[in-house]
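Residue numbers (my numbering): 285 to 854.
Glycine included, each C-beta is placed from N, C-alpha and C at the ideal position.
Note that the structure is a prediction, hence the values are computed from the model and not measured.
Worksheet: the structure to be examined is printed underneath.
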């Protein structure tokens with residue numbers, strides 16, 4: 285398919301007479317004068333429309349017989365690389381071999397409105413449209429370059445260009461504000477600095493193209509973003525340094541909380557936190573009788589405090605001061621005391637204190653964990669832990685009328701002088717014993733001995749009975765069987781003395797059939813090996829209890845039953 289014009293053929297017209305071109309103006313290059321002086325060819329509207337710039341396709345001048353019209357004016361050089369000797373009008377070689385063209389050339393012109401346009405001509409083909417579109421785009425949208433306006437960037441040559449092409453491109457470049465140079469040969473554009481002048485064969489058309497605004501805007505945005513990031517980093521570092529300087533004078537270590545709120549129930553810390561407010565320190569100033577320091581604990585909401593008798597033994601001639609866990613000091617009076625059980629009850633004018641609960645000591649077994657609370661060596665609010673190492677340990681403390689007999693709970697909990705009268709707690713927080721005595725290494729005295737892992741506590745069952753009696757009557761009752769024991773007996777068991785009156789007439793033993801010289805070897809099913817063991821076993825019972833004794837008499841063991849009675853002397 286060819287881009288043939290649909291306009292009717294026109295009659296050939298003679299070519300205008302050749303005019304001598306005026307000398308080039310010194311202010312403009314000769315090439316620019318040539319472009320400006322070239323007469324505009326006659327244009328005739330045709331049915332083919334250039335969709336790019338909506339201009340009518342120009343028609344070439346009518347061909348005339350004889351010499352070609354190109355003789356009147358110099359023609360541009362053919363493109364480099366085309367067929368040698370080919371002319372725009374379609375004429376063959378100039379050597380005259382084509383006789384047909386010489387005869388019929390006049391009747392068949394190579395140019396004109398009635399001649400179909402060739403595929404490689406400037407107008408009337410897809411290739412020509414593409415070149416025009418390329419020239420238009422080059423004028424309005426300069427190609428990207430390296431950012432330096434002085435760097436030439438040339439569009440690829442696209443074949444021959446007409447004067448109209450150059451003029452249209454120059455107009456487009458001027459409207460775009462770019463500097464363009466048009467070459468005099470094939471269509472090509474060159475951008476550069478006006479001071480550099482036109483490139484080879486080019487004509488300066490307009491000024492320098494503006495710097496790419498988009499790239500400058502991108503660089504500005506990147507710079508602002510970088511500045512913001514740097515400011516944030518500097519601010520964060522400065523803030524951290526300021527905070528470090530502010531906190532330099534204060535500790536950043538975590539504060540420990542109260543044990544009761546930070547420890548699980550049943551733990552040593554939790555039990556100790558609950559018990560400490562009820563444990564007190566007792567200070568006795570006996571004047572000439574001396575002074576003493578011990579421990580005690582609140583047993584009810586009436587202000588009663590339970591402690592050891594030997595702690596307040598010097599108090600009848602002096603003062604007793606009870607120091608609470610918060611440091612408050614209260615004057616105390618003696619409600620009652622008992623030498624045999626080594627227990628005493630004091631009274632202070634406080635009814636807002638929380639008492640400790642007395643638990644069942646008969647449920648305690650060896651190996652149970654226990655906690656001792658008191659003021660060893662005057663160091664109040666001291667907590668130590670251990671286990672129950674033995675039960676029913678017979679302990680005799682003191683001498684003469686002040687001697688005590690305790691069927692004690694043995695523990696390895698650290699107990700020292702000053703712990704006396706303080707509570708021994710189980711892992712439920714209940715009191716199962718009252719710390720009373722410690723074992724000492726032979727050769728040491730009361731002023732030099734300390735804990736060796738053998739401490740003794742009065743069972744809570746005994747302490748409850750005695751405390752109730754002391755609060756009620758000011759004195760305690762002791763169960764007895766009504767016999768006297770021979771302390772010189774070296775055999776196994778507790779021997780009844782042979783002395784007259786060794787068996788109290790009408791007493792529990794006499795009623796049961798015990799005789800002088802009998803050896804008691806069992807009590808309530810337990811083996812008795814020493815006199816003290818029998819005494820503490822009886823003292824651990826209550827008045828009115830019925831018990832069973834096993835005695836040896838003449839090589840025979842006899843089972844006897846008796847009912848315990850109170851000591852009439854006390």
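Using a Cβ-Cβ cut-off of 7 Å (strictly less than) and excluding sequence neighbours within five positions of residue 484, which residues of its own chain qualify? Only weak support exists for where residue 484 lies, its pLDDT of 43 falling under 50; the value from the coordinates is given anyway. If we look at residue 484 and ignore the five residues flanking it on each side, it has no Cβ neighbours.
Leaving out five residues before and five after residue 593 in sequence, what residues of the same chain have Cβ atoms less than 7 Å from its Cβ? 621, 622, 623, 626, 627, 628
Candidates 515, 654, 676, of which the one nearest residue 693 by Cα: If we check each option's Cα against that of residue 693, 676 comes out closest.
Assess contact between the region 783-800 and the region 843-852, defined as three or more Cβ pairs (one per stretch) separated by less than 8 Å. Is contact present? yes
State the beta-bridge partners of residue 822 as determined by DSSP. Paired residue(s): none; residue 822 is not in a bridge.
Starting from residue 752, trace the alpha helix (DSSP H) both ways and give me its first and last residue. For residue 752, the enclosing alpha helix (DSSP H) covers residues 744-757.
Whether or not the region 552-566 and the region 661-669 are in contact is what I'm after, with contact meaning three or more pairs of Cβ atoms, one per stretch, closer than 8 Å; do they touch? Short answer: they touch.
Are the CB atoms of residue 735 and residue 674 nearer to each other than 7 Å? For residue 735 and residue 674, no; Cβs fall outside 7 Å.
What separation, rounded to the nearest whole angstrom, lies between the Cα atoms of residue 795 and residue 641? The C-alpha of residue 641 is placed about 39 Å away from the C-alpha of residue 795.
Okay, do the region 762-773 and the region 709-727 touch, 3+ Cβ pairs below 8 Å being the bar? no
So, is residue 830 buried or exposed, given that buried needs 16 or more other C-beta atoms within 10 angstroms? exposed
In chain order, what residues of the same chain have a beta carbon less than 6 Å from the beta carbon of residue 778, not counting five sequence neighbours either side? 769, 804, 812, 815, 818
Do three or more CB pairs link the region 559-566 to the region 577-596 at distances below 8 Å? yes
Range of the contiguous beta strand (DSSP E) that encloses residue 792: It is not in any beta strand (DSSP E) - residue 792 instead sits in the alpha helix (DSSP H) that spans 792-796.
Evaluate residue 840 with the Cβ neighbour count: other Cβ atoms within 10 Å of its Cβ, from every protein chain shown; 16 or more gives buried, anything less gives exposed. exposed
Is residue 778 helix, strand or coil when you go by DSSP? Residue 778 sits in a strand when the DSSP states are folded into three classes.
Where does residue 823 land, buried or exposed, given buried means 16+ other C-beta within 10 angstroms? Residue 823 is buried by the Cβ-count criterion.
In this structure, how does DSSP classify residue 420 when only helix, strand and coil are distinguished? helix
Please state the DSSP three-state secondary structure of residue 594. helix
I'd like to know whether the C-beta atoms of residue 657 and residue 672 end up nearer to each other than 7 Å. no
Going by the CB atoms, is the gap between residue 630 and residue 613 shorter than 7 Å? Their beta carbons are not under 7 Å apart, which means residue 613 does not touch residue 630 by this criterion.
Rounded to the nearest angstrom, what separates residue 711 and residue 739 at their Cα positions? 18 Å
Can you name the residues that DSSP bridges to residue 580? 564
In or out: residue 578 buried (at least 16 other Cβ within 10 Å) or exposed? By the neighbour-count rule (16 or more Cβ atoms within 10 Å), residue 578 is buried.
Which whole-angstrom value describes the C-beta separation of residue 763 and residue 723, a residue pair presumed to lie in contact below a C-beta threshold of 8 Å? With a Cβ gap of about 27 Å, residue 763 and residue 723 do not count as contacting.
Indicate the three-state DSSP secondary structure (helix, strand or coil) for residue 559 in the structure shown. helix
Residue interval of the beta strand (DSSP E) (run including residue 719): 715-722
Given a cut-off of 7 Å on the beta-carbon distance, is the pair residue 660 and residue 705 in contact? No, these two residues do not count as a Cβ contact at 7 Å.
Going by other Cβ atoms of all chains shown within 10 Å of its Cβ, with 16 needed for buried, is residue 514 buried or exposed? exposed
Assign residue 622 to one of three DSSP states: helix, strand, or coil. Correct three-state label for residue 622: strand.
Where residue 680 and residue 546 are concerned, what is the direct C-alpha to C-alpha distance, given to the nearest angstrom? 42 Å
Delimiting residues of the beta strand (DSSP E) encompassing residue 695: 688-695
Out of 572, 586, 504, which one is the CA nearest neighbour of residue 755? 586
Between which residues of its own chain and residue 807 is the CB-CB distance below 7 Å, once the five residues before and five after are set aside? 818, 821, 831, 833
Roughly how many angstroms separate the alpha carbons of residue 517 and residue 653, rounded to a whole number? 59 Å
Nearest-angstrom Cα separation, counted from residue 836 out to residue 632: Inter-residue distance for residue 632 and residue 836 is about 51 Å (C-alpha atoms, whole angstroms).
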